[in-house]
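At position 168 of the sequence shown (counting the first as 1) the number is 171 in our numbering, and the numbers step up by one without a gap. C-beta: ideal position from N, C-alpha, C; glycine also. Take a look at the structure below.
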Amino acid sequence: MDIVAILVLLLPLIGAVANGLLNGRLSVHAMSWLSAGLVLLSFLLSLYFFVHLYGGGEPIRTPVYTFLAVDSLRVHFSLRIDGLSAWMMLLVTGIGSLIQVYSSGYLKDQPSLWRFFAYVNLSLVSMLLLVMSDNLVMMFAGWMGLSLSSYLLVSFQYANRVSTRAARKLFFVNSIGDVGLLLGLLVIFGAFNSYAYSEVFELLPRLRLDSATGVALGGLLLVSVVSKSAQVPLFTWLPDSAIAPMPALALMQTTAGVMGGLYLAMRCYPLLTVAPLIHESLALIGLVTSLLAGLIALRQHDVNRILTYSTVAQLGLTFLALGTGLPLLAMLCATAHALSKATLFASAGLIVYALGGEQDIRRMGGLCQALPIAYWTFLWGALIIVAVPVLSGVSIWGELLANTRASLGISGWLLVTMSSGLSALYLSRLFFAMFFNASRGTEEHRIHLRKYPHAMAIPPLVLASLSLVSGFLCFSPLMPAVGADWLIPFLHRLFGETHAKPALPASMVWLFVSPAMLLVLGAIVGAYWFYVVHRHMPVYTTSSSKVERILTENFYLDKFYDWMVVRPMERLSQLLYYYVEVQAMEGSISGIGKAVQRLGTIFRRRQNTSNSS
4 MDIVAILVLL LPLIGAVANG LLNGRLSVHA MSWLSAGLVL LSFLLSLYFF VHLYGGGEPI
64 RTPVYTFLAV DSLRVHFSLR IDGLSAWMML LVTGIGSLIQ VYSSGYLKDQ PSLWRFFAYV
124 NLSLVSMLLL VMSDNLVMMF AGWMGLSLSS YLLVSFQYAN RVSTRAARKL FFVNSIGDVG
184 LLLGLLVIFG AFNSYAYSEV FELLPRLRLD SATGVALGGL LLVSVVSKSA QVPLFTWLPD
244 SAIAPMPALA LMQTTAGVMG GLYLAMRCYP LLTVAPLIHE SLALIGLVTS LLAGLIALRQ
304 HDVNRILTYS TVAQLGLTFL ALGTGLPLLA MLCATAHALS KATLFASAGL IVYALGGEQD
364 IRRMGGLCQA LPIAYWTFLW GALIIVAVPV LSGVSIWGEL LANTRASLGI SGWLLVTMSS
424 GLSALYLSRL FFAMFFNASR GTEEHRIHLR KYPHAMAIPP LVLASLSLVS GFLCFSPLMP
484 AVGADWLIPF LHRLFGETHA KPALPASMVW LFVSPAMLLV LGAIVGAYWF YVVHRHMPVY
544 TTSSSKVERI LTENFYLDKF YDWMVVRPME RLSQLLYYYV EVQAMEGSIS GIGKAVQRLG
604 TIFRRRQNTS NSS
């Protein structure tokens with residue numbers, strides 16, 4: 004199995020290198036077949052490992068070579084495939100291959116499309132390396148690869164200054180998490196004298212780390228996952244990245260991007276629970292993020308930004324599940340979010356493509372009959388995201404709400420319930436604004452819609468089907484107390500029996516979940532009454548209340564960072580440039596040059612005087 008495991012990682016890498024070396028010499032179809040075909044092969048191999056592990060097989064460890072050997076430090080480049088990594092491999096390669104097929108249609112008219120396919124494959128390779136690594140050092144290599152590939156995807160249209168500015172912001176904020184993780188690795192080696200997962204987690208119960216080390220280690224890991232997965236207060240980079248092409252956003256927000264931080268949190272979950280303060284902070288950060296992102300999404304008009312804030316909010320609930328002691332539930336939430344959000348992005352991309360690149364919902368409307376595939380797939384994806392009963396959500400929402408009530412009290416339970424209502428409200432607003440009432444676009448939009456290629460129609464249908472399957476299998480509303488039983492034999496060795504199975508009886512599940520479900524249904528009905536029946540669709544306006552301005556400006560977080568970080572750094576760089584580089588360094592070098600010239604002049608004059616005498 005060693006060569007098979009290496010091939011899972013190697014095949015997408017071959018696609019990235021081939022697209023880079025061929026430099027656009029292939030046609031769009033050839034490039035898409037090359038890239039998507041290699042990733043699809045990687046998916047089939049990942050499926051093989053999943054079946055092996057689900058059937059009771061042991062985790063697979065594949066040593067490749069010794070990466071570093073200094074004194075007692077031994078870092079091996081080795082791959083480990085267990086339940087968590089196999090599950091993530093399926094998501095990464097499955098969704099990644101569909102996004103590449105979708106990209107061949109959505110971006111077919113873009114110049115240098117070979118670069119995009121190379122960036123996508125590089126992103127998938129980085130994520131696969133992150134989830135398949137057997138130690139923290141090789142995981143860090145994949146982590147850094149994700150930062151680089153995300154930067155390249157956002158800045159793909161580098162002629163657009165907004166894209167390059169968003170990419171720089173992404174790289175800067177992600178660098179905060181990179182530094183945090185690097186310092187965390189140093190603390191881990193100091194405490195465990197190893198970077199291997201197996202050794203670290205085996206020693207953890209016996210070492211009994213002191214509180215300071217536990218808080219330092221957990222805090223550094225927390226900074227890393229908050230930065231990478233766009234949580235409060237480091238979430239502002241992800242909405243700005245909405246300027247990227249739709250397929251790039253679908254990839255970054257579902258498989259290879261923000262999911263990197265979530266995977267690190269799930270993989271290193273025992274390290275995050277060493278310090279209760281850090282564990283509780285994870286829950287609070289997730290809860291606050293879901294609420295803030297949901298409120299901000301209510302006042303957005305760009306399709307990409309609304310879906311991006313939805314990603315931030317849903318990831319917040321996933322981190323809330325981790326912070327309340329439910330890693331398996333967080334895994335299921337992440338799975339449903341990845342499939343459903345990929346469906347929403349692919350469906351919204353059909354609309355944006357048909358409207359010639361229009362992303363403002365104030366210029367949409369009346370697309371229900373014109374774009375039936377986009378209508379139905381977006382509907383299914385949105386219903387699963389907001390956890391509508393029968394499609395998803397009863398058992399998982401009940402467990403999450405119950406644990407939030409136990410960990411954060413009644414106020415925490417109320418805030419999670421409010422967050423579910425917000426998700427239903429802003430997604431309903433988006434759905435009704437795009438598909439109902441009369442068209443509010445240009446005359447060209449009303450008369451003629453751009454026809455999208457068949458390559459764009461297939462991925463939304465496949466993703467919507469998988470989203471429905473995930474809703475029935477992972478959340479199993481017909482069996483509210485045992486919704487995740489089918490996964491327990493597969494994942495219990497990762498998180499332990501105490502976290503693998505919901506312990507609530509069915510009556511308690513319904514007690515906690517019923518108010519949230521009623522609020523979700525009420526938000527959908529209310530949005531329909533407001534936006535469709537009374538036709539209060541989003542329109543352009545010059546007047547807005549103070550609350551609306553606060554939500555539109557992201558609670559002024561960007562301005563706060565600009566005032567506290569960006570401007571002082573710019574001023575400091577200007578001072579350093581003038582006084583250190585210009586005055587000190589260039590001045591000293593120039594002074595030395597002038598001194599040498601003067602000294603040479605003196606010697607020349609004396610030499611001439613002595614010769615003349």
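- Message: With three or more C-beta pairs closer than 8 Å as the rule, is the segment 62-74 touching the segment 137-155?
- Response: Cβ pair count under 8 Å is three or more, so yes.
- Nonlocal neighbours in the same chain, by C-beta distance under 7 Å from residue 305, ignoring five residues either side: Translated into the one-based positions of the sequence shown, residue 305 becomes position 302. Annotation for residue 305: 245, 362 and 363 place their beta carbon closer than 7 Å to its own, counting only its chain and skipping 5 residues before and after.
- Message: With distance defined between alpha-carbon atoms, name the residue in 378, 275 and 303 nearest to residue 327.
- Response: Here residue 327 refers to the residue found at position 324 of the sequence shown. Among 378, 275 and 303, the Cα nearest to that of residue 327 belongs to 275.
- Message: Using the Cβ count rule (16 or more neighbours within 10 Å means buried), how would you classify residue 603?
- Response: Your numbering for residue 603 matches position 600 in the sequence shown. Its Cβ having fewer than 16 others within 10 Å, residue 603 is exposed.
- Is residue 85 helix, strand or coil when you go by DSSP? Here residue 85 refers to the residue found at position 82 when the sequence shown is read from its first residue. Here residue 85 sits in coil by DSSP.
- Return yes when the Cβ of residue 203 is within less than 9 Å of the Cβ of residue 232, no when it is not. Reading the sequence shown from its first residue, position 229 is the one you call residue 232. Reading the sequence shown from its first residue, position 200 is the one you call residue 203. Taking 9 Å as the Cβ cut-off, residue 232 and residue 203 do not qualify as a contacting pair.
- Query: Is the segment 290-299 in contact with the segment 420-435, if contact means three or more CB pairs nearer than 8 Å?
  - Reply: The segment 290-299 makes contact with the segment 420-435: 3 or more CB pairs, one atom from each, lie closer than 8 Å.
- Message: Please confirm whether residue 99 has its beta-carbon closer than 9 Å to some beta-carbon of chain C.
- Response: Given the protein chain composition of this structure (a single chain), no chain C is represented.
- Report buried or exposed for residue 549, applying the criterion of at least 16 other Cβ atoms within 10 angstroms of its Cβ. In the sequence shown, residue 549 corresponds to position 546, counting from 1. Counting Cβ neighbours within 10 Å, residue 549 comes out exposed, since fewer than 16 surround it.
- Query: residue 556 to residue 259, Cα distance in whole Å?
  - Reply: For the purposes of this step, residue 556 is identified with residue 553 of the sequence shown, where counting begins at 1. For the purposes of this step, residue 259 is identified with residue 256 of the sequence shown, where counting begins at 1. For residue 556 and residue 259, the distance between alpha carbons rounds to 28 Å.
- Message: Can you find the residues in the same chain that come closer than 6 Å, C-beta to C-beta, to residue 225, ignoring five residues on each side of it along the sequence?
- Response: Working through the sequence shown from its first residue, we reach residue 225 at position 222. Close CB contacts of residue 225 within its chain, under the 6 Å cut and outside five residues either way in sequence, are with 281 (chain order).
- Item | Contacts around residue 559, its chain only, beta-carbon distance under 8 Å, and the 5 residues preceding and following it disregarded | Here residue 559 refers to the residue found at position 556 of the sequence shown. Excluding positions up to five away in sequence, the list reads 553.
- Does DSSP put residue 22 in a helix, a strand or coil? On the sequence shown, residue 22 is found 19 positions in, with the first residue counted as 1. Residue 22: helix per DSSP, three-state reduction.
- Query: How long is the line joining the alpha carbons of residue 388 and residue 133, rounded to whole angstroms?
  - Reply: Reading the sequence shown from its first residue, position 385 is the one you call residue 388. Reading the sequence shown from its first residue, position 130 is the one you call residue 133. The straight-line gap from Cα to Cα measures roughly 26 Å.
- Straight-line Cα distance separating residue 230 from residue 77: Taking the first residue of the sequence shown as 1, we reach residue 77 at position 74. Taking the first residue of the sequence shown as 1, we reach residue 230 at position 227. Taken atom to atom, the span from the alpha-carbon of residue 77 to that of residue 230 is near 29 Å.
- Item | Nearest to residue 169 (by Cα), restricted to the options 182, 242, 145 and 207 | As a working note, residue 169 is residue 166 in the sequence shown. Nearest of 182, 242, 145 and 207 to residue 169, Cα basis: 242.
- Residue interval of the beta strand (DSSP E) (run including residue 127): Taking the sequence shown and counting its residues from 1, the one referred to as residue 127 is at position 124. It is not in any beta strand (DSSP E) - residue 127 instead sits in the alpha helix (DSSP H) that spans 116-135.
- Message: Is the beta carbon of residue 250 closer than 9 Å to that of residue 380?
- Response: For this step, residue 380 is matched to residue 377 along the sequence shown. For this step, residue 250 is matched to residue 247 along the sequence shown. The Cβ atoms of residue 380 and residue 250 lie no closer than 9 Å to each other.
- Message: Taking the beta carbon of residue 582 as the centre, do at least 16 other beta carbons fall within 10 Å, making it buried, or is it exposed?
- Response: Along the sequence shown, read from residue 1 onward, the residue named residue 582 stands at position 579. The residue is exposed, with fewer than 16 neighbouring Cβ atoms inside 10 Å.
- Query: Just curious, the alpha helix (DSSP H) that residue 388 is in, first and last residue?
  - Reply: Here residue 388 refers to the residue found at position 385 of the sequence shown. Residues 375-388.
- Thinking C-beta only, is residue 103 closer than 9 Å to residue 38? The residue you call residue 38 lines up with position 35 of the sequence shown. The residue you call residue 103 lines up with position 100 of the sequence shown. It is a contact, given that the beta carbons lie within the stated cut-off.
- Nonlocal neighbours in the same chain, by C-beta distance under 8 Å from residue 317, ignoring five residues either side: As a working mapping, residue 317 is identified with position 314 in the sequence shown. The answer, listed in chain order, is 293, 336, 340, 344, 388 and 426.
- Item | residue 77 in three-state terms, based on DSSP | Numbered from its first residue, the sequence shown carries residue 77 at position 74. Three-state result, residue 77: strand.
- residue 11 versus residue 50: straight-line alpha-carbon distance, rounded: Position 8 of the sequence shown, counted from the first residue, corresponds to residue 11. Position 47 of the sequence shown, counted from the first residue, corresponds to residue 50. Those two C-alpha atoms are separated by around 10 Å.
- For residue 535, collect the residues of the same chain with a Cβ closer than 8 Å to its Cβ; drop the 5 residues on either side in sequence, then sort them by chain order. Residue mapping note: residue 535 aligns to position 532 of the sequence shown, counting from 1. So the qualifying residues of the chain are 435, 439 and 440.
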